[in-house]
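*Asks:* All residue numbers for the sequence shown refer to the numbering used here, where the first residue is 29 and numbers rise by one.
Here you go, one structure.
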Amino acid sequence: MHQLRKLTKLTTVVGATILLAACSDQGTAQEVDESASGAPSWTIPVPMDGTSVPQTQLDQLFEQAASEFDVPASLLKAIGFAETRWEMVEGEEEFEGMPAAFGIMALRGERLERGAELAGVTVEEAKTDALANIRAAAALLSEDADGMELERADLGAWAPVVAAASGIEQAEAQAHYVHNGVYKALREGLVLETEIGVLGSLMPEKAEIRSIAAPPTSAAGPDYANSIWRASPNYNARPSGSTPRMIIIHSCEGAYSGCWGWLVNTASGVSAHYVVNESGSEISQLVRESNRAWHIGATYDKNLNGGAEAALHGTSSNNFTVGIEHAGYASQASWATGVIDASAALSCDITKAHGIPRDSYHIVAHGRLQPSTRVDPGPNWPWTTYLNKINTACGGSGGGGGGTGIIIDSNNSNNDTANFYAEVSANWTSSTNVAGYYGSGYYAGPVAAISDGAAFYFKLASAATKTVSAWWTSATDRSTTAPYIMYNAAGTQLATVSKNQQTGGGQWNTVGTYSFTAGWNKVVLSRWTGTGSVVIADAIRIN
Numbered sequence: 029m030h031q032l033r034k035l036t037k038l039t040t041v042v043g044a045t046i047l048l049a050a051c052s053d054q055g056t057a058q059e060v061d062e063s064a065s066g067a068p069s070w071t072i073p074v075p076m077d078g079t080s081v082p083q084t085q086l087d088q089l090f091e092q093a094a095s096e097f098d099v100p101a102s103l104l105k106a107i108g109f110a111e112t113r114w115e116m117v118e119g120e121e122e123f124e125g126m127p128a129a130f131g132i133m134a135l136r137g138e139r140l141e142r143g144a145e146l147a148g149v150t151v152e153e154a155k156t157d158a159l160a161n162i163r164a165a166a167a168l169l170s171e172d173a174d175g176m177e178l179e180r181a182d183l184g185a186w187a188p189v190v191a192a193a194s195g196i197e198q199a200e201a202q203a204h205y206v207h208n209g210v211y212k213a214l215r216e217g218l219v220l221e222t223e224i225g226v227l228g229s230l231m232p233e234k235a236e237i238r239s240i241a242a243p244p245t246s247a248a249g250p251d252y253a254n255s256i257w258r259a260s261p262n263y264n265a266r267p268s269g270s271t272p273r274m275i276i277i278h279s280c281e282g283a284y285s286g287c288w289g290w291l292v293n294t295a296s297g298v299s300a301h302y303v304v305n306e307s308g309s310e311i312s313q314l315v316r317e318s319n320r321a322w323h324i325g326a327t328y329d330k331n332l333n334g335g336a337e338a339a340l341h342g343t344s345s346n347n348f349t350v351g352i353e354h355a356g357y358a359s360q361a362s363w364a365t366g367v368i369d370a371s372a373a374l375s376c377d378i379t380k381a382h383g384i385p386r387d388s389y390h391i392v393a394h395g396r397l398q399p400s401t402r403v404d405p406g407p408n409w410p411w412t413t414y415l416n417k418i419n420t421a422c423g424g425s426g427g428g429g430g431g432t433g434i435i436i437d438s439n440n441s442n443n444d445t446a447n448f449y450a451e452v453s454a455n456w457t458s459s460t461n462v463a464g465y466y467g468s469g470y471y472a473g474p475v476a477a478i479s480d481g482a483a484f485y486f487k488l489a490s491a492a493t494k495t496v497s498a499w500w501t502s503a504t505d506r507s508t509t510a511p512y513i514m515y516n517a518a519g520t521q522l523a524t525v526s527k528n529q530q531t532g533g534g535q536w537n538t539v540g541t542y543s544f545t546a547g548w549n550k551v552v553l554s555r556w557t558g559t560g561s562v563v564i565a566d567a568i569r570i571n
């Protein structure tokens with residue numbers, strides 16, 4: 029079991045590729061580029077004859093649980109995929125009244141406890157052990173099937189059980205989950221593959237859904253044409269004079285249908301303006317941007333956000349924010365490229381409509397502004413790539429905060445390393461001690477007469493004139509002559525510019541405009557200067 033737990037956690041860590049197959053289509057796979065985070069790519073269609081895909085350890089666990097509790101293995105797999113993409117998640121609470129989800133089957137609350145009891149395992153085992161988690165889910169489905177007296181051999185007859193097990197109360201959302209989530213996976217089939225091989229598979233099966241009508245067709249959202257309008261009653265008017273000044277990024281801690289289904293439920297008392305699904309193929313708008321959604325339970329503290337928007341300090345964060353929820357979990361290993369692309373296009377549209385600056389102080393994690401109780405969207409949300417894609421979607425304009433361009437963070441987990449990255453030696457110290465840093469932190473390098481600079485590389489397809497800007501945090505121990513050195517792709521030094529890092533912290537500071545060449549250019553922050561005790565390598569912007 030320990031080996032499987034490691035495998036399931038590797039679902040998206042090692043550049044997983046998810047293959048969807050339609051049983052009626054015999055075409056070949058058409059690949060979609062992966063993001064720098066190593067997120068899954070989706071390919072449609074993939075021919076499958078049922079014999080060419082090896083049975084894996086994960087497949088065997090589904091089969092074992094299915095056999096033990098007389099539940100179709102394919103149904104178990106489809107539910108697990110709809111909930112977590114077969115990743116062993118460790119859930120967080122995102123919405124009051126909605127317990128955290130755990131394991132491949134996303135069991136939560138009383139269902140988790142009851143499933144563990146039926147399967148004869150502890151709640152902790154049902155949370156953390158893959159087989160125990162799948163067995164608990166199978167036991168619950170079997171108990172529900174007994175209560176409904178259904179024909180177990182008929183996959184379509186299980187639809188009411190799937191609907192009940194989802195925990196979704198809102199009828200349209202429940203139907204969406206059954207038809208567009210679980211039974212879509214059953215009809216189309218899928219193979220989940222990683223660099224170490226196939227993790228699991230689901231062969232296409234015909235299943236005529238019983239008792240659950242298809243969800244109705246909905247109109248486009250009032251603010252974003254590429255969204256579906258699913259109005260939530262959970263909102264009120266923004267206070268007089270309050271307009272959107274920030275976008276808050278959330279993770280639902282669950283699947284798409286259940287997420288928006290809960291947010292349009294009057295009983296939940298919560299909402300968001302938008303919800304993006306697991307692949308980025310669908311977005312729901314729930315609240316008009318002009319209205320106040322109830323998505324963040326925190327008073328705004330400027331000190332948590334680099335001092336940005338100080339005039340809003342002490343007011344409700346809901347007053348001036350637009351909330352975007354994303355189907356998935358803060359603990360998941362990566363985010364699909366389609367999610368990041370779709371969300372970036374949405375954020376671009378919001379910033380254009382309201383003049384919101386496109387930087388890390390105005391497009392902010394829920395966990396940053398409510399750190400006592402929330403961590404979403406989690407450590408693997410690719411912030412720099414996301415901000416760069418927002419800028420690209422907006423044609424390079426930085427909204428109310430000036431041009432964004434390519435942003436190279438000192439932390440490579442935030443970079444699209446195929447196109448830009450940073451190199452910092454072990455002689456530099458990673459830090460978050462001084463507020464106002466870009467991204468997730470910065471590096472401090474002691475001044476010394478040595479060649480040990482922090483290098484920020486960026487690739488250009490053709491020669492271009494670009495403006496270089498630098499971001500740092502300011503304090504009295506910073507150098508007043510921090511040397512920035514620009515090089516073109518041939519290694520020719522273009523200029524050296526000294527900047528005073530005791531001032532100008534927490535903002536973009538222009539270094540200069542230079543003619544770079546096609547290929548890998550770089551900006552180096554050198555430690556070779558005689559003033560101050562440290563230089564700060566935080567982020568570089570090229571635009």
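Even glycine gets a Cβ: it sits at the ideal position worked out from N, Cα and C.
Quick one: using the 10 Å Cβ neighbour count with 16 as the cut-off for buried, is residue 504 buried or exposed?
*Replies:* Label assigned to residue 504: exposed.
*Asks:* Please state whether the Cβ-Cβ distance between residue 350 and residue 317 is less than 7 Å.
*Replies:* Cβ distance < 7 Å, so residue 350 and residue 317 count as in contact.
*Asks:* Where do the ends of the alpha helix (DSSP H) carrying residue 105 lie?
*Replies:* 101-112 is the extent of the alpha helix (DSSP H) around residue 105.
*Asks:* If I follow the unbroken beta strand (DSSP E) through residue 316, where does it start and stop?
*Replies:* First-last for residue 316: undefined, no H or E at that position.
*Asks:* Can you tell me which of the three DSSP states residue 127 falls into?
*Replies:* In the structure shown, residue 127 sits in coil (DSSP, three-state: anything other than H, G, I, E or B).
*Asks:* Give every residue of the same chain whose Cβ lies closer than 7 Å to the Cβ of residue 335, excluding the five residues on either side of it in the sequence, and list them in chain order.
*Replies:* Excluding residues within five positions, the ones whose Cβ falls inside 7 Å are 463, 464, 534.
*Asks:* Could you pull out every residue in the same chain whose Cβ sits closer than 8 Å to the Cβ of residue 214, ignoring the five residues on either side in sequence?
*Replies:* So the list reads 102, 103, 106, 183, 230, 232, 233, 235, once near-sequence residues are dropped.
*Asks:* Tell me whether residue 73 sits in a helix, a strand or coil according to DSSP, three-state version.
*Replies:* In this predicted model, residue 73 has a pLDDT of only 37, less than 50, meaning its place in the structure is not dependable; the value taken from the coordinates is given anyway. Residue state, collapsed to three classes: coil.
*Asks:* For the beta strand (DSSP E) containing residue 382, name the first residue and the last one.
*Replies:* Run containing residue 382: none in the beta strand (DSSP E); it sits in the alpha helix (DSSP H), 365-382.
*Asks:* If we call anything under 7 Å between Cβ atoms a contact, is residue 287 one with residue 355?
*Replies:* Yes.
*Asks:* Let me know if residue 578 comes out buried or exposed under the rule of 16 or more other beta-carbons within 10 Å of its beta-carbon.
*Replies:* Residue 578 lies beyond the range of the chain shown here (29 to 571); nothing can be said about it.
*Asks:* How many Å lie between residue 344 and residue 89 at the Cα?
*Replies:* Those two C-alpha atoms are separated by around 47 Å.
*Asks:* Within 8 Å, do at least three Cβ pairs link the segment 539-555 to the segment 480-498?
*Replies:* Yes: at least three Cβ pairs fall under 8 Å.
*Asks:* Within its chain, find whatever has a CB closer than 7 Å to the CB of residue 369; leave out the 5 residues flanking it on each side and keep chain order.
*Replies:* Answer for residue 369: 308, 417, listed in chain order.
*Asks:* From what residue to what residue does the beta strand (DSSP E) around residue 180 run?
*Replies:* Element bounds for residue 180: n/a, residue is neither H nor E.
*Asks:* One question on the structure: do residue 467 and residue 411 come within less than 7 Å of each other, judged by their Cβ atoms?
*Replies:* Against a cut-off of 7 Å, the Cβ pair of residue 411 and residue 467 comes out as a contact.
*Asks:* Does the separation of the CB atoms of residue 421 and residue 372 fall below 7 Å?
*Replies:* It is a contact, given that the beta carbons lie within the stated cut-off.
*Asks:* Please go through the segment 307-351 and give each complete beta strand (DSSP E) segment of 3 or more residues, from N-terminal end onward.
*Replies:* DSSP runs (the beta strand (DSSP E)) wholly in the segment 307-351: 311-313, 319-321.
*Asks:* Can you give me the Cβ contacts of residue 129 inside the same chain, cut-off strictly under 7 Å, excluding the 5 residues immediately before and after it?
*Replies:* Around residue 129: 117, 119, 135, 136, 281, 282.
*Asks:* Do residue 220 and residue 228 have their C-beta atoms within less than 7 Å of each other?
*Replies:* In contact: residue 220 and residue 228 (Cβ atoms closer than 7 Å).
*Asks:* Quick test of the definition: if touching needs 3 or more C-beta pairs under 8 Å, does the segment 242-260 touch the segment 163-176?
*Replies:* Touching, no.
*Asks:* Which whole-angstrom value describes the C-beta separation of residue 435 and residue 275, a residue pair presumed to lie in contact below a C-beta threshold of 8 Å?
*Replies:* In fact, because the Cβ distance is near 16 Å, the residues do not count as touching under 8 Å.
*Asks:* Nearest-angstrom Cα distance between residue 518 and residue 506?
*Replies:* About 31 Å.
*Asks:* Fully enclosed by the segment 437-518, which beta strand (DSSP E) runs are 3 residues long or longer?
*Replies:* Entirely contained in the segment 437-518, the beta strand (DSSP E) runs reaching 3 residues are, in chain order, 448-451, 457-459, 470-474, 482-488, 492-499, 510-515.
*Asks:* Between residue 440 and the rest of its own chain, which residues show a CB-CB distance below 8 Å, the 5 nearest in sequence each way excluded?
*Replies:* So the qualifying residues of the chain are 449, 450.
*Asks:* Using DSSP bridges, identify the partner residues of residue 136.
*Replies:* Looking at the DSSP assignment, residue 136 forms a beta bridge with 129.
*Asks:* Mind checking residue 473: buried by the 16 CB within 10 Å criterion, or exposed?
*Replies:* Looking at its Cβ environment, which holds 16 or more other Cβ atoms inside 10 Å, residue 473 is buried.
*Asks:* Nearest CA to the CA of residue 277: which residue from 251, 324, 261, 97?
*Replies:* Closest option to residue 277, Cα to Cα, is 324.
*Asks:* Please state the DSSP three-state secondary structure of residue 531.
*Replies:* Note: residue 531 maps to coil in three-state DSSP.
*Asks:* What residue range is occupied by the uninterrupted beta strand (DSSP E) comprising residue 226?
*Replies:* Here the beta strand (DSSP E) through residue 226 covers 225-230.
*Asks:* At 3 residues or longer, what runs of the beta strand (DSSP E) sit wholly inside the segment 195-275?
*Replies:* Counting only runs of 3 or more, we get 218-222, 225-230, 263-265.
*Asks:* Should residue 176 be labelled buried (16 or more other beta-carbon atoms within 10 Å of its own) or exposed?
*Replies:* Residue 176 comes out exposed.
*Asks:* Expressed to the nearest angstrom, what Euclidean distance is found between the alpha-carbon atoms of residue 303 and residue 138?
*Replies:* Their backbone Cα atoms lie some 26 Å apart in a straight line.
*Asks:* Got a sec, what are the start and stop residues for the beta strand (DSSP E) residue 569 sits in?
*Replies:* Unbroken beta strand (DSSP E) run through residue 569: 567-570.
*Asks:* Taking 7 Å as the threshold (C-beta atoms), are residue 438 and residue 470 in contact?
*Replies:* Yes, they are a contact pair.
*Asks:* Between the alpha carbons of residue 346 and residue 330, how many angstroms are there, rounded?
*Replies:* Distance between the alpha carbons of residue 346 and residue 330: 14 Å.
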